[in-house]
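**Student:** With the first letter of the sequence shown counted as 1, position 44 gets the number 40 in my numbering; the numbers rise by one all the way through.
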Amino acid sequence: MSDFTHKSDFSANFDVRRPMDAVRVLCGLFYVPHVIGKITGYAGTVAFFAKAGFQPPAFFVLLAMVMEAACAVGLILGIGTKYLGVVSAGLMAVAAYAIVATRGLGWFWAGGGIEYLVFWGVMSLAVAADAWQREPGLFGFFARPAHA
């Protein structure tokens, strides 16, 4: 058999019959415009991070870009999903905090609210929980007994 017949890892990590795979990919794809926006609007992003209280803001912008890019790649390709889903939820919690710190508590997105971030974070946790549940051992660490 030729080495060129190897199936890609993505096809092994994406099954159209599993709705959570589609949710996982969407959670990853949502990061793409956010990372691009941080790059193209760097000065404004740094100013927003400073206003939200993140010091030094340039460091936290870079950290956010790296973490969001890692979540995008990992969730889209199904790599490290059980960990990156939790990281993604954490990022959304921090983003929600930043919105509340700069604009006050609001729910609706059109009014500067956080419902989009809350939804994205909850979906990220669902993706992580699904990945942990699908792992072959107890929480991915210990092999399940044959009789279980």
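From the three backbone atoms N, C-alpha and C, an ideal C-beta is built for every residue, glycine too.
1) For A18, which of W128, Q129, S120 has the nearest alpha-carbon?
2) Which of the three DSSP states, helix, strand or coil, is assigned to E111?
3) Assign R20 to buried or exposed, taking buried as 16 or more other Cβ atoms, counted over all protein chains shown, within 10 Å of its Cβ.
4) Could you give the residue range of the alpha helix (DSSP H) that holds G76?
5) In whole angstroms, give me the CA-to-CA distance for D126 and G109.
6) Any idea if I95 is buried or exposed, counting beta-carbon neighbours within 10 angstroms, 16 or more meaning buried?
7) Let me know the secondary structure DSSP gives S(-2) once reduced to three states.
**Tutor:** Taking the definition as stated:
1) S120
2) helix
3) buried
4) First-last for G76: undefined, no H or E at that position.
5) 28 Å
6) buried
7) Model confidence at S(-2) stands at a pLDDT of 40, short of 50, so the residue's coordinates are unreliable; what they give is reported in the following sentence. Of the three classes helix, strand and coil, the one that applies to S(-2) here is coil, per DSSP.
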